[in-house]
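Reviewing the structure listed below.
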Amino acid sequence: MLTAARLGAATLSAALLAGVAAGPALADGPAPTPTPVAVPDGLYGKSDPTYDGVWRQALALTALTAAKVTPADSAVNWLTGQQCEDGGWPSYRAAGAACDPKTEDSNATAVAIQALVALGAHQPAVDRGVAWLKANQNADGSWAYNPGSPGDANSTGLAVNALFAARTDPASVAKAGNDSGTGGAAGGGKNAFDGLARFQLGCTAPADQRGAFAYQPDTATGALTPNDLASAQAALAAAGGHLPVATSVRADAEPKALACSDGSAPATVPHAEAGEAVGAYLAARLRAGDEHLTLVTPGAAPSPDYTATAWAALALIQSGHPDRASGAVDWLDQQEDAWTKNGTDAGATATLLLASEADHRPTSDLTAKLTALGPAPKATAAASGEATPASKKTDGIGQYWVIGIGLLIGIGGGLLLSLQRKRNPNL
Numbered sequence: 001m002l003t004a005a006r007l008g009a010a011t012l013s014a015a016l017l018a019g020v021a022a023g024p025a026l027a028d029g030p031a032p033t034p035t036p037v038a039v040p041d042g043l044y045g046k047s048d049p050t051y052d053g054v055w056r057q058a059l060a061l062t063a064l065t066a067a068k069v070t071p072a073d074s075a076v077n078w079l080t081g082q083q084c085e086d087g088g089w090p091s092y093r094a095a096g097a098a099c100d101p102k103t104e105d106s107n108a109t110a111v112a113i114q115a116l117v118a119l120g121a122h123q124p125a126v127d128r129g130v131a132w133l134k135a136n137q138n139a140d141g142s143w144a145y146n147p148g149s150p151g152d153a154n155s156t157g158l159a160v161n162a163l164f165a166a167r168t169d170p171a172s173v174a175k176a177g178n179d180s181g182t183g184g185a186a187g188g189g190k191n192a193f194d195g196l197a198r199f200q201l202g203c204t205a206p207a208d209q210r211g212a213f214a215y216q217p218d219t220a221t222g223a224l225t226p227n228d229l230a231s232a233q234a235a236l237a238a239a240g241g242h243l244p245v246a247t248s249v250r251a252d253a254e255p256k257a258l259a260c261s262d263g264s265a266p267a268t269v270p271h272a273e274a275g276e277a278v279g280a281y282l283a284a285r286l287r288a289g290d291e292h293l294t295l296v297t298p299g300a301a302p303s304p305d306y307t308a309t310a311w312a313a314l315a316l317i318q319s320g321h322p323d324r325a326s327g328a329v330d331w332l333d334q335q336e337d338a339w340t341k342n343g344t345d346a347g348a349t350a351t352l353l354l355a356s357e358a359d360h361r362p363t364s365d366l367t368a369k370l371t372a373l374g375p376a377p378k379a380t381a382a383a384s385g386e387a388t389p390a391s392k393k394t395d396g397i398g399q400y401w402v403i404g405i406g407l408l409i410g411i412g413g414g415l416l417l418s419l420q421r422k423r424n425p426n427l
C-alpha cells in the first residue's frame with residue numbers, strides 16, 4: 001500500500017502527465033489555495049501554468065516541430081528561460097524569480113530536453129539538462145519526481161527518454177560512475193536501465209501481469225502492483241524511444257510476452273525483453289478496455305485515461321507494432337473534444353498530436369488548434385513541404401488573383417503592341 005506521501009506524489013505525477021494542473025497532496029491537512037498565475041507571453045495554453053507550464057510548453061514545441069512548424073522565438077525563449085543554472089527545470093518559475101533547487105523536477109527537465117533536441121541548436125542547454133539528470137539519479141538507477149525522494153517508474157521512464165533523445169546511452173548513466181561506459185559497475189552504482197527494471201513485473205508475477213510496471217514498490221514488502229499509467233509511461237523508454245516518436249520499424253507479430261518457461265526464470269525482466277514484455281501487457285489491456293486504458297485512483301470512480309492510452313500507443317509504435325496501436329489512436333481521435341477541452345488544453349492537444357504524428361495520420365487540424373493556443377509561429381509547413389514564413393503567407397484565392405492579373409496585363413500589352421504595329425509598320 002502506498003504511504004500518504006507516495007500517494008500524493010503518485011497523484012501529482014499522474015496529474016502532470018495528464019496535463020492537469022493539480023497541487024501536491026503531501027501535507028497534512030488542507031493545503032492553501034494558490035493564487036492563480038497570469039499566463040506569460042510565449043506560453044501555450046491559457047490555464048494557470050504553476051504545475052504544468054514547462055510540461056505543456058515542451059510537449060507543444062516538440063509536437064509542432066515534428067509538424068514542420070517553426071515556433072515563435074518567444075515560445076522557445078520562455079522554455080529556455082525556465083532552466084536553472086544547475087541545468088534543471090521546475091514545473092514553472094515566475095519571470096525574474098530565483099531558482100529553488102527544491103522545485104526542480106525530473107519530469108519537467110526530461111520533456112524540456114526532448115523539446116530542445118527536437119528544435120535543434122540548443123546543445124549547451126541540453127548538455128546542462130543531461131548533467132542535472134545524472135547528478136540527481138538515485139543510487140538504484142532510478143529517478144524521483146523531485147530529487148531526494150524514492151524513484152518511480154514514470155519519472156525514470158521520462159529520464160531515460162531524455163537520455164535517448166540526447167544520444168546518451170542509459171546503460172552508461174549511473175550515480176557512481178556516470179562516465180565509466182560500463183553502467184557504473186566499477187563504482188557499485190546501478191545504471192538507468194537497472195533503475196527502470198526495478199519497477200517491472202517479471203516471471204514471479206501472475207501471467208496477466210508480467211511485463212507491467214508498478215509506480216513504486218510497496219514500502220513494507222517491496223511487492224510490485226501493476227499500474228497502467230506507469231506501464232504506459234515507462235514503456236516508451238523500455239522500447240528505446242523518446243519524443244517525438246518517428247520510426248519505420250515494423251513487426252508483423254503481436255508484442256512478445258515475457259517468456260517464463262519454468263521457475264528458474266529471473267524475476268527481473270532483462271532489458272532486451274523489457275519493451276516487448278510491457279508492449280504485450282499494454283496490448284492486452286487495450287483489448288480488454290475497448291482500445292483504451294482506465295484511470296483508477298483511491299476514492300474516485302474509474303474513468304478513461306486519455307494520457308495513458310496515448311503513451312501506450314506511442315510505445316507500441318516505437319516497438320514496431322503500429323497496427324496494435326491504431327485502435328487506441330482511433331479511440332483518442334473520437335475522444336478529442338472531451339480530452340482537449342475542445343482544443344483549449346495545450347498539453348492534451350500536444351499529446352494527441354504526437355500520437356497522431358507517430359501513427360502517420362493527417363494532422364493539419366490538430367496542428368492548427370495547437371498553434372492557435374500560443375504565439376504566432378515564425379513559419380508553417382507549406383503543401384510542398386517547405387516552410388512558409390507566417391507573415392508572408394498568401395491564401396489560395398489571393399495567389400490566383402495575382403496570377404490572373406499578371407496574365408491580363410500580359411495579354412493587354414500584347415494586343416496594344418499588335419495594334420501599334422498595324423498602324424505604323426516601321427515599329
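1 is the number of the first residue of the sequence shown in my numbering; add one for each residue after it. Every residue gets a Cβ at the ideal spot worked out from N, C-alpha and C, and that includes glycine.
- Annotation note: the region 129–166 contains the following uninterrupted alpha helix (DSSP H) runs of length 4 or greater, listed N- to C-terminal: 153–165.
- Nearest Cα to D100 within the set W89, N107 and T109: W89.
- The straight-line gap separating the alpha-carbon atoms of K134 and Q216 is approximately 20 Å.
- In the DSSP assignment, P49 falls outside any alpha helix (DSSP H) and carries neither an H nor an E.
- Residue environment for A346: buried (at least 16 other C-beta atoms within 10 angstroms of its C-beta).
- In this structure, the CA atom of A355 is about 25 Å from the CA atom of H122.
- Residue environment: Q233 is assigned as buried (16 or more neighbouring CB atoms within 10 Å of its CB, all protein chains considered).
- At a Cβ-Cβ threshold of 9 Å, G240 and A192 do not count as neighbours.
- Taking a contact to require three or more Cβ pairs closer than 8 Å, the region 292–301 and the region 245–253 do not qualify as touching.
- Taking the Cα positions, V54 is about 24 Å away from Q318.
- G374 and Y44 do touch by the CB rule: their CB atoms are close to 4 Å apart, below 8 Å.
- With respect to T340, K369 sits close: the two C-beta atoms are nearer than 9 Å.
- By the criterion of at least three beta-carbon pairs nearer than 8 Å, the region 115–131 is not in contact with the region 201–210.
- In this structure the region 348–368 lies against the region 52–68, because at least three pairs of beta carbons, one per stretch, are closer than 8 Å.
- Across the structure, G211 and S261 are spaced so that their CA atoms are roughly 15 Å apart.
- Rounded to the nearest whole angstrom, the CA to CA distance from D365 to E357 is 12 Å.
- Residue pairing by DSSP places N191 opposite A174 in a beta bridge.
- Taking a 10 Å sphere around the C-beta of R198, we find 16 or more other C-beta atoms and assign the residue as buried.
- The beta carbons of D290 and A325 sit no closer together than 9 Å.
- For L332, the uninterrupted alpha helix (DSSP H) segment begins and ends at P322 to Q334.
- Going by DSSP, S303 is part of the beta strand (DSSP E) stretching over S303 to D305.
- Non-local C-beta neighbours of V249 in its own chain, meaning closer than 6 Å and more than five positions away in sequence, comprise G320, ordered along the chain.
- Residue pairing by DSSP places T294 opposite P304 in a beta bridge.
- L79 and A112 do touch by the CB rule: their CB atoms are close to 6 Å apart, below 8 Å.
- With 16 or more other CB atoms across the displayed protein chains lying within 10 angstroms of its CB, A308 is buried.
- Boundaries of the beta strand (DSSP E) around T380: A379 to A381.
- Under the three-state reduction of DSSP output, Q209 falls in the helix class.
- Rounded to whole angstroms, P322 and A220 show a C-alpha spacing of 39 Å.
- Distance check between A312 and each of A301, R287, Q334 and E336 places R287 closest, using alpha-carbon atoms only.
- Between N154 and the set A110, P170 and A174, the nearest pair of CA atoms involves A110.
- Rounded to whole angstroms, the separation of the alpha carbons of A238 and V117 is 20 Å.
- As DSSP reads the structure, Q233 sits in no beta bridge.
- Setting aside the 5 residues that flank it on each side, A131 is surrounded in the same chain by G87, each with a C-beta closer than 6 Å to its C-beta; the list follows chain order.
- For N77, the uninterrupted alpha helix (DSSP H) segment begins and ends at D73 to G81.
- Counting the other Cβ atoms within 10 Å of the Cβ of A280 gives 16 or more, which makes it buried.
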